[in-house]
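Structure first, commentary second.
Number of protein chains: 2
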Amino acid sequence: MNKAKLKKTLNRAEEHCREHGTRFTEKRKHILQLLLQSEVPLSAYELATHYQSAFGETIPAMSVYRILDFLMAETLVHKLNSANKYTACEHIACDHQHEVPQFLICERCQNVKEVGIEPSIIAALADEIERAGYHLTQPQIELHCLCERCFSAS
Amino acid sequence: MNKAKLKKTLNRAEEHCREHGTRFTEKRKHILQLLLQSEVPLSAYELATHYQSAFGETIPAMSVYRILDFLMAETLVHKLNSANKYTACEHIACDHQHEVPQFLICERCQNVKEVGIEPSIIAALADEIERAGYHLTQPQIELHCLCERCFSAS
DNA sequence: CAGTTCACGATATAGCGTATCGTTCATGGC
DNA sequence: GCCATGAACGATACGCTATATCGTGAACTG
Ligand SMILES: [Zn+2]
Ligand SMILES: [Zn+2]
Ligand SMILES: [Zn+2]
Ligand SMILES: [Zn+2]
């Protein structure tokens, strides 16, 4: 992510928090920035290490977890449950309402793409689930894939 | 799961392994039995604890992991990646070929149902993914739901 | 400027998973 | 039966992920 887009996205995040009456502190901003700049999702402990390198001050893992919880509550960050890692939302600077997040995770290079899957597919899925006697609550889907580059290389 | 069905399923698993030229040892049988009898998915360490209670002998966590790896390779057990827990395949006693597994996990009671989602839905999903420039490799989907009972109670 | 809430730090502890090496045990050819 | 081979299993060590709890200090509020 280039500098201009990074700055714009961080500004948008700050605005988002102001609108929600929450505080976008320096540390929260730094953690979000690290995730925005990373090519791959990061674990909480990796973030703590990167924080040290990038900003020259240590941060306890505990704080990282708390900050991630905050950022997730604001839908600025998503957790990839199948990998126990975290990734910045790709739609922070978008105007539209945040949809149900769906993630395509490259098995080889860990690259992640956040896509909006056709609502009709989600609806069909929800329908199947209803028929099985269950009720969908958080339809976040994580799919293991190969990205174009890794697919070509294999 | 009642005793008769349990026994039948374990016999079918043993047969399955014989056909594949692999050994269905006592310990492997015991681990599978614990998963078959459990209402909820279990972690490797939970299995080690239950093993002690059920069979009166301790088993190292390492062995549990190895046995789970074996049972997964035989598609007798599935791992729920989003929970780091394991569940017995619900189709061991079925005759049909094992499909791509899809899991509905109750957020409240942890009950898990293994369903076969409409191939057409999977195909539509794969199509969307291709359009995003990715290639689906392991289309196991885990969905967070509420089961009928927990849904009614809420 | 006093009171309340929120952010953050420090420490401890539990749970999940892998690496490595050594031992035991089943199996098949002799 | 006996040994060679490989598979299954045990023991130990280590690293990563996550939560619980208590305390301190900063920030907002009236
Ligand atoms: Zn998002
Ligand atoms: Zn890739
Ligand atoms: Zn199955
Ligand atoms: Zn339930």
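In order, the protein sequences belong to chains X and A. Quick note: to get the working numbering, add 183 to the position in the first sequence (first position is 1). Quick note: to get the working numbering, add 183 to the position in the second sequence (first position is 1). No residue lacks a Cβ here, since even glycine has one placed at the ideal position from N, Cα and C. All values reported here derive from a predicted model rather than from experimental measurement.
Anticipated Cβ contact below 8 Å, X:Pro-284 with X:His-261, distance rounded:
Within the first sequence, the letter at position 101 stands for residue 284 of chain X. Within the first sequence, the letter at position 78 stands for residue 261 of chain X. With 8 Å as the limit, X:Pro-284 and X:His-261 qualify as a contact, their Cβ atoms being about 5 Å apart.
Measuring straight from C-alpha to C-alpha, what distance separates X:Lys-268 and X:Ala-227?
Locating residue 268 of chain X in the first sequence gives position 85, where the first residue counts as 1. Locating residue 227 of chain X in the first sequence gives position 44, where the first residue counts as 1. Each residue's Cα considered, the two are about 7 Å apart.
For the segment 310-321 of chain X, enumerate the residues whose C-beta is nearer than 8 Å to any C-beta of chain A, in chain order.
Glu-311, Ile-312, Ala-315, Gly-316, Tyr-317, His-318, Leu-319, Thr-320 and Gln-321
Among A:Phe-253, A:Ala-256, A:Cys-292 and A:Ser-303, which residue has its Cα nearest to the Cα of A:Cys-330?
Numbered from 1 along the second sequence, position 147 holds the residue referred to as residue 330 of chain A. That would be A:Cys-292, whose Cα lies nearest to the Cα of A:Cys-330.
Strictly under 7 Å for the Cβ-Cβ distance: is X:His-327 near chain A by that measure?
Position 144 of the first sequence, counting from 1, holds the residue named residue 327 of chain X. It does: the Cβ of X:His-327 has a partner Cβ on chain A nearer than 7 Å.
Name the chain X residues whose beta carbon is nearer than 7 Å to that of A:Lys-296?
As a working note, residue 296 of chain A is residue 113 in the second sequence. In chain order: Ala-315 and Tyr-317.
Does X:Leu-217 come within less than 7 Å of chain A when only Cβ atoms are used?
Counting from 1 along the first sequence, the entry for residue 217 of chain X is found at position 34. Chain A contact via Cβ: absent.
Proximity test, A:Asn-264 beta-carbon vs ligand 4 heavy atom, cut-off 6 Å
Residue numbering aside, residue 264 of chain A sits at position 81 when the second sequence is read from its first letter. For ligand 4, not one heavy atom lies less than 6 Å from the Cβ of A:Asn-264.
For A:Ile-324, which of helix, strand or coil comes out of DSSP?
Sequence index remark: in the second sequence, residue 324 of chain A carries index 141 (1-based). Correct three-state label for A:Ile-324: strand.
Report the option in X:His-199, X:Ile-288 and X:Asn-185 whose CA atom is closest to the CA atom of X:Ser-265.
As a position in the first sequence, residue 265 of chain X is number 82, starting the count at 1. Nearest C-alpha to X:Ser-265: X:Ile-288.
Taking just the CA atoms, how far does A:Glu-198 sit from A:Ser-221?
On the second sequence, residue 221 of chain A is found 38 positions in, with the first residue counted as 1. On the second sequence, residue 198 of chain A is found 15 positions in, with the first residue counted as 1. Approximately 22 Å, taken between the alpha carbons.
Against chain X, with Cβ distances strictly below 7 Å, would A:Ala-271 count as a contact?
Residue mapping note: residue 271 of chain A aligns to position 88 of the second sequence, counting from 1. By this cut-off, A:Ala-271 is not an interface position.
Would you say the beta carbon of A:His-274 comes nearer than 6 Å to a heavy atom of ligand 3?
Counted from its first residue, the second sequence places residue 274 of chain A at position 91. Yes, the beta carbon of A:His-274 sits closer than 6 Å to at least one heavy atom of ligand 3.
Three-state secondary structure (DSSP) of X:His-213
The residue you call residue 213 of chain X lines up with position 30 of the first sequence. X:His-213 falls in the helix class under three-state DSSP.
Quick check: what's the CA-CA separation for X:Asp-278 versus X:Thr-192?
Locating residue 278 of chain X in the first sequence gives position 95, where the first residue counts as 1. Locating residue 192 of chain X in the first sequence gives position 9, where the first residue counts as 1. The straight-line gap from Cα to Cα measures roughly 12 Å.
Distance cut 7 Å, beta-carbon to ligand 4 heavy atom: residue list by chain order:
A:Cys-289, A:Arg-291, A:Cys-292, A:Asn-294, A:Leu-329, A:Cys-330, A:Arg-332 and A:Cys-333
Taking 6 Å as the cut-off, is the C-beta of X:Pro-284 nearer than that to any heavy atom in ligand 1?
Residue 284 of chain X sits at position 101 when you count from the first residue of the first sequence. Yes, Cβ of X:Pro-284 sits closer than 6 Å to a heavy atom of ligand 1.
Compute every distance between the C-beta of A:Glu-257 and the non-hydrogen atoms of ligand 5, then say whether any falls below 6 Å.
By its list of ligands, the structure shown excludes ligand 5, since it contains just ligand 1, ligand 2, ligand 3 and ligand 4.
Relative to chain A, which residues along the segment 215-239 of chain X have a C-beta separation below 7 Å, given in chain order?
none
Buried versus exposed call for A:Gln-216 [16 or more other C-beta atoms within 10 Å across all chains shown]
Along the second sequence, read from residue 1 onward, the residue named residue 216 of chain A stands at position 33. Classification for A:Gln-216: buried.
Proximal chain X residues relative to A:Asp-246, where beta-carbon distance stays under 8 Å:
As a position in the second sequence, residue 246 of chain A is number 63, starting the count at 1. In the sequence on display, residue 246 of chain A carries Ser and not Asp. The contacting residues do not exist; A:Ser-246 stays about 24 Å from chain X at best.
Is it the case that the CB of A:Glu-325 approaches a heavy atom of ligand 3 more closely than 6 Å?
Start at 1 with the first residue of the second sequence, and residue 325 of chain A comes out as number 142. Not under cutoff, so the answer is no.
Minimum Cβ-Cβ distance from A:Glu-209 to chain X less than 7 Å
Numbered from 1 along the second sequence, position 26 holds the residue referred to as residue 209 of chain A. Chain X contact via Cβ: absent.
One question on the structure: do X:Arg-201 and X:Ala-276 come within less than 7 Å of each other, judged by their Cβ atoms?
If you number the first sequence from 1, residue 201 of chain X lands on position 18. If you number the first sequence from 1, residue 276 of chain X lands on position 93. Not in contact: X:Arg-201 and X:Ala-276 (Cβ atoms no closer than 7 Å).
Going by DSSP in three states, X:Ile-300 sits in which element: helix, strand or coil?
For the purposes of this step, residue 300 of chain X is identified with residue 117 of the first sequence, where counting begins at 1. Coil.
Report back the beta-carbon spacing between X:Ile-305 and X:Pro-322 to the nearest angstrom; my notes put them in contact at under 8 Å.
Walking along the first sequence from the start, residue 305 of chain X turns up at place 122. Walking along the first sequence from the start, residue 322 of chain X turns up at place 139. Their Cβ separation, rounded to whole angstroms, is 6 Å, which keeps X:Ile-305 and X:Pro-322 in contact under 8 Å.
Listed by chain order, chain A residues near X:Cys-330 by CB distance under 9 Å
Residue 330 of chain X sits at position 147 when you count from the first residue of the first sequence. Within 9 Å Cβ-Cβ: Gly-316, Tyr-317 and His-318.
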